[in-house]
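Asker:
Protein chains: 2
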Amino acid sequence: MKEDRDLMQRLKPCAMDQILMYLAFSALKTGGHRHGAFLDAAATAAKCAIYSTYMEEEQNLRRTGRLHHLEPKRVKVIVKEIDQALAEGKLLKMLGSQEPEYLIQFPYVWLEQHPWQAGAPRIVGTHLTPREKSEIERDLPDELPPARLINSIQLMELIEFLHSRSQEALPLPKREPLSEPLLDHIRDRLIYSRTVERIDISRGLPLYVLLKTSYSPESREERVFSMIEDTASYFRLLNAWVDRAPHTFRALETLDVPADQVEEALNELDKLLRAWADKYHCEGSPTLLLQLAAGLK
Amino acid sequence: MKEDRDLMQRLKPCAMDQILMYLAFSALKTGGHRHGAFLDAAATAAKCAIYSTYMEEEQNLRRTGRLHHLEPKRVKVIVKEIDQALAEGKLLKMLGSQEPEYLIQFPYVWLEQHPWQAGAPRIVGTHLTPREKSEIERDLPDELPPARLINSIQLMELIEFLHSRSQEALPLPKREPLSEPLLDHIRDRLIYSRTVERIDISRGLPLYVLLKTSYSPESREERVFSMIEDTASYFRLLNAWVDRAPHTFRALETLDVPADQVEEALNELDKLLRAWADKYHCEGSPTLLLQLAAGLK
DNA sequence: GCGTGGCATTAAGCCCCTCAA
DNA sequence: TTGAGGGGCTTAATGCCACGC
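Protein chains in written order, with our numbering: chain R, 8 to 304; chain W, 8 to 304.
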């Protein structure tokens, strides 16, 4: 996190580049999206802009190409792609959610395929001695989800299962096999996010434990989630404000506040907002959305 | 604009994809950045995320590659690139500003190279008859910047000049010649943004007029500028809030307000904010930044 | 485990050209 | 001027393998 902010400060990116960087950090580092997935998503967003220009410019391939500096041929392919997405529901290469599906779904599939009942052994079907098993069980963290331990082959099978399931949505020609680098990537991501943990044993395949019932439900992750949702929503509000849509409002205040009064000021602001909202709230009327963020400059 | 919102509604992108789309619309359609420039900027943002992971993961190429699903070789190239940017100030491929430099600077160069003094003819050095010239001058819009009209060759030379000047910052191997498609792109962008206008004449080269003293100073464009700046800043504030930085605050309120009271409510909110800011403002203390946006859901 | 090297495929960002409607 | 073809070069995303540490 600190690394990220340092990097941003040193590179001095402009506002758009900053937004891109925050997005990249969230998608790649926090969310665990593949590098290629992020590039694809950015390319798809650009395609939407091109498609939109094409429609506004009387469906003129050459002119659209000139306005955005790409080949008319390419514009045509892009327009076709978006058209198919709109008409036939073909999937565009977007991120689709905060985290990749195969990571989100992973704990559920494990819980389903390798369930564990209280009292039963967590480790089954290995060549370990009972003594070794109980030693491992003893060293397990507390409060584990009700799932058995699995070995590295079973882990691979789980990932393979999820991968093929996530590929089902794609048309046959676009499906990609689960390559070894991709498998390693997913495994490492699961470990990195502390969704699973590896237990190396002296001989034979390493074992894996499921640590959490869902991918990344830490409190920090929840805030990251809110950050992205809020920013998208804020972007949308400002977009309406740019077009002078009725009932939109934008404010930006900078004020110097003594350090020992900041908390007090923010608390009061919170109360003011609530009182204001209470005063005007009237169930069933059109819904007004208000977003606010404050912090030291 | 409407086209854009329609498209977003129909594709139902997730929050991250939404942010990318708003960015793409702003960069490509409003700002006039090249398609390739946007892709490069997104790739650069991803590179920063990868670099940051590499530093956090004890400079392990293989592990960084696995965490983000790219080849260690590629990680190495990326790390080197960012390192050079940090150490030697080498330029990364970023957007760099709301609009491309060559568009922003265009009016200034025109004004400098083809200045016009009140009373003098706007059109010089063509083979037009005095009568034709005065007819054209008569039809010109009012309130033009003090610049002479130029023909298409002179326009091309201006663009060439700007292009080569913008390439000076790049190291020799990376410089790209001004291709014809690129020239056409820049010309079309200038016309599209109503910075210049073409005047076709019956025989000979078409003429061009400079319409504005600067690229895109319309009020709408100013709001777009604020939108991007605000969003980047909001993103930063929330980023601090995610890490529970002291003195950060985030609020999100939804309330139902009767349509005929919305304006009143927003006005009151505005006053509340100002009063609150006045109350706590104390010159010379640390600066607190507060951002707020509101609108119908 | 790691870094490094080679080699292959495919897509796509760029450029240039021609011809018919 | 536009759409529809043709051709080209180059980068880079993604994969595989192999060597030496």
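Ideal Cβ positions, reconstructed from N, Cα and C, are used throughout, including at glycine.
1. Just checking: is the beta-carbon of W283 of chain R within a distance shorter than 8 Å of some beta-carbon in chain W?
2. Between the Cα of P152 of chain R and those of R:S171, R:E88, R:K97, R:Y115, spot the shortest distance and give me the residue it belongs to.
3. With a threshold of 8 Å between beta-carbons, can N246 of chain W be considered close to chain R, or not?
4. For T220 of chain W, collect the residues of the same chain with a Cβ closer than 8 Å to its Cβ; drop the 5 residues on either side in sequence, then sort them by chain order.
5. I'd like the span of the beta strand (DSSP E) that includes A365 of chain W, first residue to last.
6. What does a CB cutoff of less than 7 Å around E78 of chain R pick up in its chain, not counting 5 residues either side in sequence?
7. Determine the contact status of G39 of chain R and R196 of chain R, defining contact as a CB-CB distance below 8 Å.
8. Quick check on the burial criterion: 16 or more other C-beta atoms within 10 angstroms. Buried or exposed for S186 of chain R?
9. Where P107 of chain R and T37 of chain R are concerned, what is the direct C-alpha to C-alpha distance, given to the nearest angstrom?
10. Please report the straight-line C-alpha distance between I130 of chain R and I143 of chain R, rounded to a whole angstrom.
11. For T133 of chain R, return the contacting residues in chain W, with the cut-off set at a CB-CB distance below 9 Å.
12. List, from N- to C-terminal side, the beta strand (DSSP E) runs of 3 residues or more that fit wholly inside the segment 229 to 272 of chain R.
13. Ends of the beta strand (DSSP E) at R69 of chain R?
14. Grab the span of the alpha helix (DSSP H) containing V84 of chain W for me, first residue to last.
15. For H134 of chain R, does the count of other Cβ atoms within 10 angstroms reach 16, so buried, or fall short, so exposed?
16. With 8 Å as the threshold, decide whether the Cβ of K36 of chain R is near any Cβ in chain W.
17. Among R:H192, R:L190, R:H170, R:I193, which one has its Cα closest to the Cα of R182 of chain R?
18. So, does the CB of E236 of chain W fall closer than 8 Å to a CB anywhere in chain R?
19. Please name the residue or residues paired with R172 of chain W in a DSSP beta bridge.
20. Beta carbon of L30 of chain R, beta carbon of M23 of chain W: below 8 Å?
21. Run through DSSP, which three-state label would I111 of chain R get?
22. Buried or exposed, going by whether 16 or more other CB atoms sit within 10 Å of the CB of I26 of chain R?
23. Could you have a look at Q298 of chain R and say whether DSSP puts it in helix, strand or coil?
24. Rounded to the nearest angstrom, what separates A282 of chain W and E164 of chain W at their Cα positions?
25. Round the Cβ separation of L190 of chain W and H76 of chain R to the nearest angstrom and send it over; I've been treating them as touching at under 8 Å.
26. For I26 of chain R, go through chain W and note every residue whose CB falls closer than 8 Å to its CB, in chain order.
27. Does the Cβ-Cβ distance between L299 of chain R and A239 of chain W come in under 8 Å?
28. Comparing C-alpha positions only, which one of R:A284, R:E204, R:A272, R:L273 sits nearest to E275 of chain W?
29. Compare the beta carbon distance of G302 of chain W and L244 of chain R with 8 Å and say whether it is the shorter of the two.
30. Specify whether the segment 203 to 210 of chain R and the segment 196 to 214 of chain W touch according to this definition: at least 3 beta carbon pairs, one from each stretch, less than 8 Å apart.
31. Going along chain W, which residues have a C-beta under 9 Å from V203 of chain R?
32. By Cβ distance below 8 Å, which residues in the same chain neighbour D47 of chain W in space, the five residues on each side in sequence not counted?
33. How is A125 of chain R classed by DSSP in three states: helix, strand or coil?
34. Could you list which residues in chain R have their beta carbon closer than 9 Å to that of E290 of chain W, in chain order?
35. For I166 of chain R versus I198 of chain R, is the C-beta spacing smaller than 8 Å?
36. I'd like to know whether the C-beta atoms of V264 of chain W and A252 of chain W end up nearer to each other than 8 Å.
Answerer: Judging by the given coordinates:
1. For W283 of chain R, the answer is yes, since a Cβ of chain W falls inside 8 Å of its Cβ.
2. Out of R:S171, R:E88, R:K97, R:Y115, R:Y115 has the C-alpha closest to the C-alpha of P152 of chain R.
3. For N246 of chain W, the nearest CB of chain R lies under 8 Å from its own CB, placing it at the interface with that chain.
4. Close CB contacts of T220 of chain W within its chain, under the 8 Å cut and outside five residues either way in sequence, are with P114, L118, P152 (chain order).
5. In the structure displayed, chain W extends from 8 to 304; residue 365 of chain W sits before or after that span and is not available.
6. By the criterion of a C-beta distance shorter than 7 Å, E78 of chain R is surrounded in its chain by G72, once the five residues flanking it on both sides are discounted.
7. With a cutoff of 8 Å on beta-carbon distance, G39 of chain R and R196 of chain R are scored as near each other.
8. So S186 of chain R ends up on the exposed side.
9. Distance between the alpha carbons of P107 of chain R and T37 of chain R: 11 Å.
10. One C-alpha to the other measures close to 9 Å.
11. Within 9 Å Cβ-Cβ: nothing; T133 of chain R doesn't reach chain W, min ~26 Å.
12. Counting only runs of 3+ residues, the beta strand (DSSP E) found wholly inside the segment 229 to 272 of chain R occupies 256 to 263, in chain order.
13. For R69 of chain R, there is no enclosing beta strand (DSSP E); the residue is part of the alpha helix (DSSP H) that begins and ends at 68 to 75.
14. Looking at the DSSP string, the run of the alpha helix (DSSP H) that includes V84 of chain W is 79 to 95.
15. So H134 of chain R counts as exposed.
16. With 8 Å as the cut-off, K36 of chain R counts as an interface residue toward chain W.
17. The shortest C-alpha separation from R182 of chain R is found at R:H170.
18. By this cut-off, E236 of chain W is an interface position.
19. The partner list for R172 of chain W (beta bridge, DSSP) is empty, contrary to what the question assumes.
20. Yes, the Cβ-Cβ distance between L30 of chain R and M23 of chain W is below 8 Å.
21. Helix at I111 of chain R.
22. Here I26 of chain R is buried, its C-beta having at least 16 other C-beta atoms within 10 Å.
23. Three-state DSSP puts Q298 of chain R in a strand.
24. A282 of chain W and E164 of chain W have their C-alpha atoms spaced approximately 55 Å apart.
25. Cβ-Cβ separation between L190 of chain W and H76 of chain R: approximately 10 Å, too far for a contact (criterion under 8 Å).
26. Ordered by position in chain W, the residues that pass the 8 Å Cβ test against I26 of chain R are I26, L30, I235, T238, A239, F242.
27. Taking 8 Å as the cut-off, the Cβ atoms of L299 of chain R and A239 of chain W do not count as close.
28. When each option's Cα is compared against that of E275 of chain W, the closest is R:A284.
29. Going by C-beta atoms, G302 of chain W is nearer than 8 Å to L244 of chain R.
30. The segment 203 to 210 of chain R makes no contact with the segment 196 to 214 of chain W, as fewer than three CB pairs between them are under 8 Å.
31. Within chain W, no C-beta atom comes less than 9 Å from the C-beta of V203 of chain R; the nearest is roughly 15 Å away.
32. Excluding sequence positions up to five before and after D47 of chain W, its CB lies within less than 8 Å of the CB of K100, M101, all in the same chain and listed in chain order.
33. In this structure, A125 of chain R counts as coil in the three-state DSSP scheme.
34. Think of a sphere of 9 Å around the beta carbon of E290 of chain W: the chain R residues whose beta carbon falls inside it are D263, in chain order.
35. No, the Cβ-Cβ distance between I166 of chain R and I198 of chain R is not below 8 Å.
36. For the 8 Å CB-CB criterion, V264 of chain W and A252 of chain W do not form a contact.
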